[in-house]
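Below you'll find the structure, written out as structure tokens, and then a few comments.
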Amino acid sequence: MIRAIGVAVLAMAALDGGRADVQAQAVALTGGLVYPISSEPVEGGTVLFVDGRIAAVGVDVDIPAGAEVVDVTGSVVMPGIIDAMSYYGIAGEDMNEVPSPLTPELRIIEAFAPFGTFGSGEAGEIRVRELLSGGVTATYIGPGDATVVGGQGAVVKTAGARFDDLIVREPAAIDITLGGRPASTYREQSRSPSTRMAVVAQLRDLLVRAQEWMATSDAADAGPRNLGMEALARMLRGEIPARVQANATRDIRVAIELAEEFGFELVIDAGAGAHQMRDELADRGIPVVLGPISHPYISGEEIPDPGDYGGVDERNAVWLNEAGVHVSLASFSRGFGRFGPGVAGQWLLIDASIARGHGMSEADVLRAVTLSPAEVLGVADRLGSLEVGKDADVVVFDGDPLSILTWATRVYVGGQLVYEREN
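Counting in this note's numbering, the sequence shown runs from 434 upward without gaps.
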């Protein structure tokens, strides 16, 4: 488990000369205990990456001449941690378009601001030392949960030379919230939807209208473009999933009913009460991205009202996993500004260690913060495991990743050393 207190400032590799020249440098991490995640651990293994991608993983790896060889004997080498839900880089005032409860046309990437020194207004290297110190190399960012349909989320990396280098997938999902949170937003304004009934009714009506729009959008007289309907059409066609934040069993049940009625791919977010419906979720193959158990009330809005469920249970991930539910762990940490730094993902391995302590296997726990979120986010072709051809997003830990005494010592993103603890 990783602590980020007192960690040195990120040392970002400068891209002097041609970018291709820098990326073409081969790096071999040798002698470590390698956790590919997609296969069994390799004792005394080598991870070789060239041109920003994994080139080989194993014991007998041919290392090309001129490669940088880093001896990591005694360390653990694994893919970068993926935070499956956060508000990193999103200012508090940009999280929710409160005047309207239904805004599928909004794109969170247009509010994403990862550059430079916070508050300075100056450009700078893209560096997130807090997240990198926890081994986090990628995260899903989404709109807030104060409305019913918040907009479209994205998958981004935590370090890169340019803004475009950060974007892994965009759009990656439509973010939807059920339960008391959006109802309370509009109840305070004496507006609808101010009840759970109205939240669901407005969402269902929107989806019906999207279906009707899809039926006529290809016609010659389809009329002007509708960005919101285009976004929902991608979701209803199965191109991107609906990420539905639901904690109470009644809200999870509604999410399942809507997914079956309209045929969209469903991901349950937060899911504090998901263990109470684990069989229903497992039978339908619905994945759950769990909110944090280690700090549930300080980092985000994933648990807005304790009355929404019967209480947080730290065995949630274990029960879901045992039932066969595809589980990912996430920080749900808020963005910059008055809501805090939005980098609670640096503590994600704390939640992983809690799940391990309650009986979840080491392999399943580490998968829940690497390959499982990559699969849910639709980026497993690039991220989440150490396999040939995937992005060289690699973390070196100086011991057991689930131990409180362990630190991330080296972090590579796209094959570039972007964090080194000793410096």
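Backbone N, C-alpha and C fix where the C-beta goes; we use that ideal spot for every residue, glycine too.
If you're wondering where the values come from, they're calculated on a predicted model, not measured in any experiment.
Scanning the stretch 617-668 from its first residue to its last, no whole beta strand (DSSP E) run of 3-plus residues comes out. Under the 10 Å beta carbon count, Ile-837 is surrounded by fewer than 16 other beta carbons and is classified as exposed. For the pair Leu-466 and Arg-486, the Cα-to-Cα distance works out to about 20 Å. When secondary structure is reduced to three states using DSSP, Thr-839 falls in the coil class, being assigned neither helix nor strand. DSSP, reduced to helix, strand and coil, places Ser-519 within a strand of the structure shown.
Within the same chain, and ignoring the five residues on either side of Ala-807 in sequence, the residues whose Cβ sits closer than 7 Å to its Cβ are Ile-515, Ala-813, Leu-816, Gly-817.
A direct Cα-Cα distance of roughly 46 Å separates Val-633 from Arg-843.
With 16 or more other Cβ atoms from the protein chains shown falling within 10 Å of its own Cβ, Pro-534 counts as buried. The count of Cβ pairs closer than 8 Å, one atom from the stretch 672-692 and one from the stretch 523-541, stays below three, leaving the stretches out of contact. Here DSSP, grouped into helix, strand and coil, assigns Asp-598 to helix. Taking the CA atoms as reference points, Glu-855 sits about 13 Å from Arg-562. With a 10 Å radius around the Cβ and a threshold of 16 neighbouring Cβ atoms, Pro-604 comes out buried. Only exposed fits Thr-628, as fewer than 16 other CB atoms lie within 10 angstroms of its CB. Met-630 counts as exposed, since fewer than 16 other beta carbons sit within 10 angstroms of its beta carbon. Contact check for Ile-470 and Leu-762: beta-carbon distance about 14 Å, past the 8 Å limit, so the pair fails to qualify. In this structure, the alpha-carbon of Val-809 lies about 7 Å from that of Pro-720. Comparing alpha carbon positions, the residue from Leu-723, Gly-612, Glu-645 closest to Ser-766 is Leu-723. Each of Asn-749, Glu-538, Asp-493, Val-828 was checked against the Cα of Asn-659, and the nearest Cα belongs to Glu-538. Taking the CA atoms as reference points, Val-776 sits about 6 Å from Leu-564.
Between the C-alpha atoms of Thr-570 and Gly-513 there is a straight-line separation of about 5 Å. When DSSP states are grouped into helix, strand and coil, Glu-694 belongs to the helix group. With 16 or more other Cβ atoms inside 10 Å of its own Cβ, Arg-789 counts as buried. Under the 10 Å beta carbon count, Gln-622 is surrounded by fewer than 16 other beta carbons and is classified as exposed.
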